[in-house]
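Here the sequence shown is numbered in this note's numbering, starting from 20 and rising by one per residue. The next block holds one structure in the form of structure tokens; read it before the comments.
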Amino acid sequence: MKLYGLRGFTHGGQKTLTVMSPDGAKAALKAIRADDGVITEAEPGRLTIYFERLAGTIDRLISLNNIEVLDKPGWDAKKAEIGDSTGR
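Structure (structure tokens):
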């Protein structure tokens, strides 16, 4: 499964990673192995967001799950290419 990520930050400076896949949000959520160092926020019809709870866990999540991290223009282009499948 191909996974794409977009790094971000909360207002408090906490690192985040939003993930999408051509296979849909539910499939991506099931495929990703995350540990206790991240908080997973998954809601029906929305992309999953991972919040770093412990330093280095977002980087570990990316590496462990072979997530291709995109910059914002790349993310927007990929999301437009994938279309409606991102949130299902």
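Virtual Cβ for every residue (Gly too), placed ideally from N, Cα, C.
- Residue pairing by DSSP places Ile68 opposite Thr37, Glu60 in a beta bridge.
- According to the DSSP secondary-structure assignment, Leu25 is paired through a beta bridge with Thr37.
- If you draw a 10 Å sphere on the C-beta of Thr76, you find 16 or more other C-beta atoms in it, and that means buried.
- Around the beta carbon of Glu60, a 10 Å sphere encloses fewer than 16 other beta carbons of the protein chains shown; the residue is thus reported as exposed.
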